[in-house]
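Taking the working numbering, the leading residue of the sequence shown gets 484, the next gets one more, and so forth.
See below for the structure under consideration.
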Amino acid sequence: MPLQTSAGPSPESEYIDADQLAAEWNPDGFPLVDLNDPVSLEGIPETVLLQLQQEQANRDSSTPLEKQ
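Structure, rendered in C-alpha cells:
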C-alpha cells in the first residue's frame, strides 16, 4: 500500500500569527528597510544608509567557519 501524504500542515504544526510575531520582534514598530528598494529608503539619513549597507556587505562576505 503506498504512503499517503496530506497537502496541509501536519497536526503537530503550530499556527503563528504574523502580526503577533512582528510585535514581538519589532515592539517599537520601526519600519523595515529594504536596501534594494529606493521607496523604503526615503527619509533615512545618508549616514544610516551607509552603515546599513556596510553591515549587509559584511554579512554577505562573511563565510561560515570550516570544520576542523
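Ideal Cβ positions, reconstructed from N, Cα and C, are used throughout, including at glycine.
Could you spell out where the alpha helix (DSSP H) holding residue i opens and where it closes?
i, result
"GLU529", "529-544"
Using only CA atoms, which one of the options lies nearest to residue i?
i, options, result
"LEU518", "GLN536, ALA490, PRO492 and SER496", "GLN536"
"GLN503", "GLU525, GLU495 and GLY512", "GLY512"
Hey, would you say residue i sits closer than 7 Å to residue j, going by beta carbons?
i, j, result
"VAL531", "SER523", "no"
Ordered list of beta strand (DSSP E) runs contained in the segment 495-534, each at least 3 residues: Counting only runs of 3 or more, we get nothing.
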